[in-house]
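Take the sequence shown: its position 163, counted from the start at 1, is 163 in the UniProt record's numbering, and no numbers get skipped.
Note that beta-carbon positions come from the ideal geometry of N, C-alpha and C, so glycine has one too.
Encoded as structure tokens, the structure appears first; notes follow it.
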Amino acid sequence: MSQAEAALYRPLLHTIAYKIVGCSAIAEDMVQDTFLNWFKKERQEVKDAKAYLISSVRNLSINHLKKKKDELFENMTPNLPSFSINADISYLDIKQEISESLAVLLKKLAPAERAVFVLKEVFNFEYSDLPSIIGKTSDNCRQLLSRAQQKLNQEKERFALEPHKLSTLIGNFKKATLGEFEGLIKSLKEDIPAETK
Numbered sequence: 001m002s003q004a005e006a007a008l009y010r011p012l013l014h015t016i017a018y019k020i021v022g023c024s025a026i027a028e029d030m031v032q033d034t035f036l037n038w039f040k041k042e043r044q045e046v047k048d049a050k051a052y053l054i055s056s057v058r059n060l061s062i063n064h065l066k067k068k069k070d071e072l073f074e075n076m077t078p079n080l081p082s083f084s085i086n087a088d089i090s091y092l093d094i095k096q097e098i099s100e101s102l103a104v105l106l107k108k109l110a111p112a113e114r115a116v117f118v119l120k121e122v123f124n125f126e127y128s129d130l131p132s133i134i135g136k137t138s139d140n141c142r143q144l145l146s147r148a149q150q151k152l153n154q155e156k157e158r159f160a161l162e163p164h165k166l167s168t169l170i171g172n173f174k175k176a177t178l179g180e181f182e183g184l185i186k187s188l189k190e191d192i193p194a195e196t197k
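This is the structure:
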């Protein structure tokens, strides 16, 4: 999985971290640390990138809470010391990464594969939610996800990039990260040819 493709998991990782630490800014720090660790790692050793990233952000968030708890008991004061990350993360251009990631999805995946990948892998929809959106059974959606993952690991691009589709997908993706899924679901659904549903 490329750096750009990994960035698609950012909203899911942020949600997981936020549920643990209860603060959006700290959750974002946990996500940044997760990606820094990921980019330094020998990634060919990792069989399931999503599971690795989720486990990593969860562990970092829990460790952060433990550290803060220990500091609180140690200092016995409400004025906790400031917490900062000194790592250089200037090379991480989040907007650009997400745009590139979505472009990869448009170039490598058929519409139904893309819809299942985005909804299940990125936004953690349940398989039971997908048939009404994709127009296929849960089992078919599992197969579509498996095919999508295989195709993303290949170099081959199967479709020409249509700039207006990319622009629409980026806009709807951003709204979905804020909890507004209607536009994303509608655009993903409309892209699936009627005969394949």
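Item	Value
Residue from Ala6, Lys41 and Ile54 with nearest C-alpha to Thr15	Ile54
CB-CB length for Leu130 against Ser138, believed under 8 Å	7 Å
DSSP-derived helix/strand/coil call for Glu126	coil
Start-to-end residues for the alpha helix (DSSP H) that takes in Pro131	Pro131 to Ile134
Backbone CA spacing between Lys192 and Val57 [nearest angstrom]	Here residue 192 is Ile; the residue named in the question, Lys, does not match the sequence. For Ile192 and Val57, the distance between alpha carbons rounds to 33 Å.
Beta carbon of Leu152 nearer than 8 Å to that of Leu102	no
Where Phe39 falls, given that 16 or more other Cβ within 10 Å makes a residue buried	exposed
His64, buried or exposed, once every other Cβ within 10 Å from all chains shown has been counted against 16	buried
Residues of its chain near Ala176, where Cβ-Cβ distance is below 8 Å and the 5 sequence neighbours each way are ignored	Pro11, Phe123, Gly183 and Leu184
Backbone CA spacing between Thr168 and Ser187 [nearest angstrom]	8 Å
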